[in-house]
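> In our numbering, each residue's number is its place in the sequence shown (first place is 1) plus 6. Cβ atoms here follow ideal geometry from the backbone N, Cα and C, with glycine treated the same way.
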Amino acid sequence: MKVAIGCDHGGFPFKEVLVKELESLGHAVHDCGAQELSPEDDYPDFARSVGLAIQRGQAERGVLICGSGVGANVAANKMDAVRAALCHDTYSAHQGVEHDDMNVLCLGARVIGIELAKELVRAFMSARFIGEGRFQRRLDKVLAIEKEQAHAIKPTAKR
Ligand code: RB5
């Protein structure tokens, strides 16, 4: 499978290890950076790159790593066609794909260890969306929200 990976400085210590893990599983990795450790970099830039790779068909799945996994998760879910979730347990890492068609796994490198991160990536990458019955119906409702929001008149917020 084609998979995009991205991280900010908080996730940087995990990225190369997870690239190797993905490659060892036979996946083609599209590296969206960061390419060096820079405390001034910002997680939304890497979430955007991974999201664009999915939207453009350069990747079917994505892995995003920041310090907590939260910022990357929030930013990635702003993008159409991205269904990202922060999963630090293996059940959610595969069930999120099977039931919810999650396509981006977010991880917090300051929260979990690298061995658990590798297990989470394996659980995520080996899972497949069930794609029928109630699971498809729920996904269709999620996609309907995405479509509705694209056409919604947005309130003019102060910030
Ligand atoms: C960066 O220092 C840190 O705030 C970021 O990686 C992440 O934890 C945000 O959710």
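Per DSSP, what kind of secondary structure is Gly139 in: helix, strand or coil?
Helix, per DSSP.
> Ligand 1 and Ser98: does the residue's C-beta get closer than 7 Å to at least one heavy atom of that ligand?
It does not: the Cβ of Ser98 is nowhere closer than 7 Å to a heavy atom of ligand 1.
> Measuring CB to CB, does Val168 end up less than 8 Å from Ala90?
The displayed coordinates of the chain run from 7 to 165. Any statement about residue 168 would go beyond what the structure contains.
> So, are the CB atoms of Ile11 and Val80 less than 8 Å apart?
No, the Cβ-Cβ distance between Ile11 and Val80 is not below 8 Å.
> In whole angstroms, what is the alpha-carbon distance linking Asp37 and Arg144?
Their backbone Cα atoms lie some 31 Å apart in a straight line.
> Please list the segments of the beta strand (DSSP E) lying wholly inside the region 87-120, counting only runs of 3 or more residues, in order along the chain.
If we require 3 residues or more, the beta strand (DSSP E) runs fully inside the region 87-120 come out as 90-92 and 110-114.
> Is the Cβ-Cβ distance between Phe135 and Glu104 less than 8 Å?
In this structure, Glu104 lies closer than 8 Å to Phe135 by Cβ.
> Can you tell me whether DSSP reads Ala10 as helix, strand or coil?
Reduced to three states, the DSSP call for Ala10 is strand.
> For the beta strand (DSSP E) containing Ile60, name the first residue and the last one.
Premise fails: Ile60 lies in the alpha helix (DSSP H), Tyr49 to Gln61, not in any beta strand (DSSP E).
> How about the region 82-89 and the region 20-34: do they share at least three Cβ pairs that are nearer than 8 Å?
Taking 8 Å as the limit for Cβ pairs, the verdict is that the region 20-34 does not touch the region 82-89.
> Please state the DSSP three-state secondary structure of Arg173.
The chain is shown from 7 up to 165; residue 173 falls before or after that span and cannot be answered.
> If you measure from the beta carbon of Asp48 to each beta carbon in chain D, is any gap under 8 Å?
The question asks about chain D, but that chain is absent: this structure has only one protein chain.
> Under a three-way DSSP split, which group does Gly151 fall into?
In the sequence as presented, Gly is not what sits at residue 151; that position holds Ile. Note: Ile151 maps to helix in three-state DSSP.
> I need the straight-line Cα distance from Gly114 to Gly17, nearest angstrom please.
One C-alpha to the other measures close to 7 Å.
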